[in-house]
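S.K.: Heads up, the sequence shown is in this note's numbering, so the first residue is 110 and it goes up one at a time.
Backbone N, C-alpha and C define an ideal beta-carbon position, used for all residues, glycine too.
Take this structure first; my questions come after.
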Amino acid sequence: MKPKQQRDESSASTGAPQHESATLVTARIPAEEFALHETFTALSELRFECSDLVATGNEAVMPLMWAQTDDYAALESAMAADPSVNAAEEIIHADDRRLYRIHWQHEVHLLCQIILNSEVILLDGYGTDDQWTFELLFSSRQALQRTCECCQQYNLTYTIDRIRGLGDDTSESTPLGLTAEQHEALAEAHKRGYFSVPRQITLDELADILDISHQALSERLRRGHDALIRETFKDPSLGFGSNPNFGRASDTGSDSGSTTDTNTNITGLSSL
Numbered sequence: 110m111k112p113k114q115q116r117d118e119s120s121a122s123t124g125a126p127q128h129e130s131a132t133l134v135t136a137r138i139p140a141e142e143f144a145l146h147e148t149f150t151a152l153s154e155l156r157f158e159c160s161d162l163v164a165t166g167n168e169a170v171m172p173l174m175w176a177q178t179d180d181y182a183a184l185e186s187a188m189a190a191d192p193s194v195n196a197a198e199e200i201i202h203a204d205d206r207r208l209y210r211i212h213w214q215h216e217v218h219l220l221c222q223i224i225l226n227s228e229v230i231l232l233d234g235y236g237t238d239d240q241w242t243f244e245l246l247f248s249s250r251q252a253l254q255r256t257c258e259c260c261q262q263y264n265l266t267y268t269i270d271r272i273r274g275l276g277d278d279t280s281e282s283t284p285l286g287l288t289a290e291q292h293e294a295l296a297e298a299h300k301r302g303y304f305s306v307p308r309q310i311t312l313d314e315l316a317d318i319l320d321i322s323h324q325a326l327s328e329r330l331r332r333g334h335d336a337l338i339r340e341t342f343k344d345p346s347l348g349f350g351s352n353p354n355f356g357r358a359s360d361t362g363s364d365s366g367s368t369t370d371t372n373t374n375i376t377g378l379s380s381l
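Here you go:
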């Protein structure tokens with residue numbers, strides 16, 4: 110085996126890895142068909158946000174949620190009566206928001222397995238105005254199509270607002286600001302189940318496959334995630350992070366040729 114590499118991730122790549130083009134998607138699902146519909150109905154000013162980055166898996170998904178509302182007592186009463194929630198407990202009591210650990214009912218877990226399957230990484234998500242919005246990274250357009258077909262099969266309204274392909278760029282960065290090495294590491298980690306719950310491969314095992322050190326791979330994944338999120342923050346129409354319009358509808362157009370604003374549900378995706 111060649112010596113483990115510890116290269117700086119900011120260095121330029123000499124070429125792009127061979128892989129299917131990953132696809133970044135912004136999608137919406139009605140709360141009535143997913144989770145916390147009755148809670149949103151009970152409180153007019155309410156916002157839920159996934160805590161940090163959440164990986165995919167076939168078991169626990171989205172267990173930690175930040176909540177923002179004017180009446181937390183009413184929120185907790187509404188969650189206790191919500192049929193999509195098995196139990197909810199407060200973890201952090203901050204000045205402007207609270208973190209809850211939510212134990213979802215079985216039906217929500219089944220829906221998560223449809224929406225957040227093994228071909229998808231959940232980068233971010235929030236719920237407001239009785240709907241959920243997710244930022245998702247699919248392994249390919251074909252993976253997105255399979256998820257859309259599965260949603261259609263189960264009569265789940267899956268509205269896609271934006272599709273952006275990472276492409277097969279031979280320059281040092283992909284369209285989302287990833288170096289080729291970061292792209293390769295994220296793609297390989299996803300393919301081999303590193304982001305699954307439970308994990309199907311350890312960081313050391315993945316580092317051996319990529320023939321780099323544990324430290325270099327950890328840094329590569331961290332910087333790759335950071336690049337994806339920073340690129341998302343740069344686009345105010347996606348409504349993530351500290352943007353003052355976070356969570357509001359937007360009619361902002363595409364900011365690059367590689368982005369598609371579809372604003373359509375899954376029935377319009379047969380041509381993907």
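1. Give the straight-line distance between the Cα atoms of residue 253 and residue 319, rounded to the nearest whole angstrom.
2. Whole angstroms is fine: what's the gap from residue 287's alpha carbon to residue 334's?
3. Residue range of the beta strand (DSSP E) that residue 142 falls in?
4. How far does the alpha helix (DSSP H) with residue 320 in it reach, from first residue to last?
5. Measuring only the C-alpha atoms, how far is residue 206 from residue 176?
6. From residue 305 to residue 330, what distance separates their C-alpha atoms?
7. Could you check what DSSP says for residue 346 in three-state terms: helix, strand or coil?
8. If you draw a straight line from the alpha carbon of residue 404 to that of residue 297, how long is it in whole angstroms?
9. Rank 143, 225 and 260 by C-alpha distance to the C-alpha of residue 299 and give the top, closest one.
10. Since I believe residue 135 is in contact with residue 239 (beta carbons under 8 Å), could you give me their beta-carbon distance rounded to a whole number of angstroms?
11. Which residues mark the beginning and the end of the beta strand (DSSP E) in which residue 240 is found?
12. Quick one: give me the first and last residue of the beta strand (DSSP E) that residue 188 is part of.
13. Do the CB positions of residue 217 and residue 144 come within less than 8 Å of each other?
14. Please report the distance separating the alpha-carbon of residue 360 from that of residue 198.
15. What first and last residue would you give for the alpha helix (DSSP H) that runs through residue 256?
16. With respect to 7 Å, is the separation between the Cβ of residue 206 and the closest non-hydrogen atom of the ligand FAD below this value?
17. For residue 313, does the three-state DSSP call read helix, strand or coil?
18. Residue range of the beta strand (DSSP E) that residue 196 falls in?
19. Please state whether the Cβ-Cβ distance between residue 232 and residue 338 is less than 8 Å.
M.R.: Well, looking at it:
1. 26 Å
2. 9 Å
3. Taken as a continuous stretch (DSSP letters only), residue 142 belongs to no beta strand (DSSP E), as it is neither H nor E.
4. First-last for residue 320: undefined, no H or E at that position.
5. 6 Å
6. 15 Å
7. Bear in mind that the predicted position of residue 346 carries a pLDDT of just 44, short of 50, making it unreliable; the figure below should be weighed with that in mind. In this structure, residue 346 counts as helix in the three-state DSSP scheme.
8. Residue 404 lies beyond the range of the chain shown here (110 to 381); nothing can be said about it.
9. 225
10. With 8 Å as the limit, residue 239 and residue 135 do not qualify as a contact, their Cβ atoms being about 18 Å apart.
11. 240-247
12. Element bounds for residue 188: not the beta strand (DSSP E) but the alpha helix (DSSP H), 181-190.
13. yes
14. At residue 360 the pLDDT is 36, less than 50, meaning the model places this residue with poor confidence and gives no usable figure here.
15. 250-262
16. For the ligand FAD, the structure offers nothing, since it holds no ligand at all.
17. helix
18. 194-202
19. yes
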